[in-house]
Amino acid sequence: MAYGQHQSFYLRDRWLSKAIKQLKKDSRFFYDKEAFEKIGLGKNMVQSLRFWVVATNLAEEQTNDERKKVHLLTKFGDLIDEYDRHIQFVDTASLLHYQLSSNFEPSTVWFWFFNILDETTVSKEDLFRLFSKWVVQNEEKRVSEKSLKRDIDCLIKLYTAGQTANDPEEVIQSPLNKLNVMSEKNGMIFKKTPNSIEEIGLSALYFSLLDYCSKNSVEMVSVDEIIYQDGLWGNVFNMNRNLIIQALHQLTNHPLHPITFTRTNNLDTVRVPKVDPLEYLKDEYSRKVYVQS
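Read left to right, the sequence shown gives residues 6 to 298 (my numbering).
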């Protein structure tokens with residue numbers, strides 16, 4: 006498990022596009038002493054950005070032939086670079102959120118909040134208390150209280166900074182702010198249920214389902230799994246059963262890769278087609294960009 010690697014900086018608009026641009030030129034960009042000048046960010050912000058590109062699965066850390074650490078764009082990162090580097094589509098924001106909240110590392114607090122925490126309304130103090138308790142129960146090493154507090158603060162700001170009238174005008178919003186999966190009011194944190202599929206994006210939902218099935222080597226999942234399983238819609242996107250059923254019905258009519266949705270008295274099941282999740286996503290984005298142009 007990992008904590009505090011974001012240096013207390015939540016992800017800002019345009020940070021990822023800047024990082025992608027630099028990494029395409031130099032895979033050792035994050036180890037360049039002049040990196041902060043080249044990208045126009047503070048030194049600690051550059052360290053934070055290194056965390057964010059890995060946590061969102063846009064890049065991965067590897068070791069080159071000289072045994073030096075490098076950061077290379079993933080296939081997912083290449084796709085986002087090609088079609089939506091500036092995160093214009095809500096689907097892209099949802100996909101980044103999915104990458105953060107469905108993987109145990111390096112974004113542990115995101116995984117915990119969206120998949121493990123049962124409370125939908127909680128004070129910031131109780132949120133920290135519950136997270137600390139969970140870490141103590143599940144972590145062999147001792148983690149500093151300061152790191153855990155920074156994680157909770159960063160988690161909240163990623164989705165809520167600039168949301169209220171009390172926020173200063175100069176507050177730069179995160180690209181995930183548009184998702185509306187969390188809100189903060191009077192010291193209380195709320196998990197928010199989306200009002201429509203459009204708030205998340207059907208393409209992002211289908212990719213996350215295909216990705217889950219691919220990682221777990223299954224072709225069939227139950228609706229209950231989609232609601233309650235780690236990394237799936239009910240947890241990651243706070244979707245209720247009715248909205249999930251609505252999205253599944255829409256996916257039965259997908260023009261290229263329709264799902265099979267079987268409803269019985271005992272168990273509602275979904276069978277997904279044999280399609281690579283990234284190939285599916287590439288096709289979706291190529292059509293989105295074509296329509297937009």
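By construction, the Cβ of each residue, glycine as well, lies at the ideal position given by its N, Cα and C atoms.
Short Cβ contact (8 Å threshold) for residue i with residue j
{"i": "Leu16", "j": "Ala64", "result": "no"}
{"i": "Phe81", "j": "Leu261", "result": "no"}
{"i": "Leu78", "j": "Tyr290", "result": "no"}
{"i": "Glu144", "j": "Thr165", "result": "no"}
{"i": "Val241", "j": "Phe118", "result": "no"}
{"i": "Ile319", "j": "Val228", "result": "As displayed, the chain neither begins before 6 nor continues past 298, which places residue 319 out of reach and without an answer."}
{"i": "Leu99", "j": "Leu21", "result": "Note that residue 99 is Ser in the sequence shown, not Leu. No. Outside cutoff."}
{"i": "Tyr285", "j": "Leu256", "result": "no"}
{"i": "Ser32", "j": "His76", "result": "yes"}
{"i": "Phe266", "j": "Val275", "result": "yes"}
{"i": "Glu66", "j": "Lys73", "result": "no"}
Sequence-distant residues of the same chain with beta carbon closer than 8 Å to residue i, five excluded per side
{"i": "Lys43", "result": "Gln27, Phe34, Asp37"}
{"i": "Met193", "result": "Thr126, Val127, Ser128, Lys129"}
{"i": "Ser137", "result": "Glu150, Leu153"}
{"i": "Gln12", "result": "Asn49, Met50, Gln52, Ser53, Phe56"}
{"i": "Arg292", "result": "none"}
{"i": "Ile157", "result": "Val114, Lys129, Leu132, Phe133, Phe136"}
{"i": "Asn270", "result": "none"}
{"i": "Ala252", "result": "Ile202, Leu207, Leu210, Trp238, Met244"}
{"i": "Glu204", "result": "Val95, Leu184, Asn185"}
{"i": "Thr198", "result": "Asn243, Met244, Asn245, Leu248"}
Beta bridge counterpart(s) of residue i as assigned by DSSP
{"i": "Met225", "result": "Arg276"}
{"i": "His76", "result": "Glu66"}
{"i": "Ser128", "result": "Met193"}
{"i": "Met244", "result": "Per DSSP, none; premise fails for Met244."}
{"i": "Ser188", "result": "Phe195"}
{"i": "Thr265", "result": "Arg276"}
Whole-angstrom C-beta distance between residue j and residue i, which should lie under 8 Å
{"i": "Leu214", "j": "His102", "result": "The Cβ separation is near 15 Å, so there is no contact."}
{"i": "Phe61", "j": "Leu122", "result": "Before going further, note that residue 61 is Thr rather than Phe in the sequence given. Rounded, the Cβ-Cβ distance is 21 Å, inconsistent with contact."}
{"i": "Ile231", "j": "Asp18", "result": "Not quite, the Cβ-Cβ distance comes to about 31 Å (not below 8 Å), so this is no contact."}
Other residues of its chain near residue i: CB distance less than 7 Å, five sequence neighbours each side excluded
{"i": "Val277", "result": "Leu214, Leu215, Cys218, Glu224, Ile264"}
{"i": "Trp115", "result": "Leu105, Ser106, Leu160"}
{"i": "Gln10", "result": "Phe56, Pro111"}
{"i": "Thr86", "result": "Looking at the sequence itself, residue 86 is Asp, so the reference to Thr does not match. The answer, listed in chain order, is Ile25, Leu78."}
{"i": "Ala170", "result": "Its pLDDT being 46, under 50, Ala170 is placed unreliably in this model, and the coordinates cannot settle the point."}
{"i": "Leu163", "result": "Tyr15, Leu16, Ser179, Leu181"}
6 Å Cβ shell around residue i - same chain, five flanking residues per side excluded
{"i": "Glu175", "result": "Here Glu175 scores only 46 on pLDDT, less than 50, and its place in the model is too uncertain to base an answer on."}
{"i": "Tyr88", "result": "Tyr290, Val294"}
{"i": "Ala40", "result": "Phe34, Val51"}
{"i": "Gly206", "result": "Val95, Asp96, Ser99"}
{"i": "Met244", "result": "Trp238"}
{"i": "Ser208", "result": "Asp96, Glu289"}
{"i": "Phe14", "result": "Met50, Ser53"}
{"i": "Val226", "result": "Val275"}
{"i": "Val58", "result": "Ala24, Ala64"}
- Query: Of all the beta strand (DSSP E) runs that stay within the bounds of the segment 126-164, which reach a length of 3 or more residues?
  - Reply: 126-128
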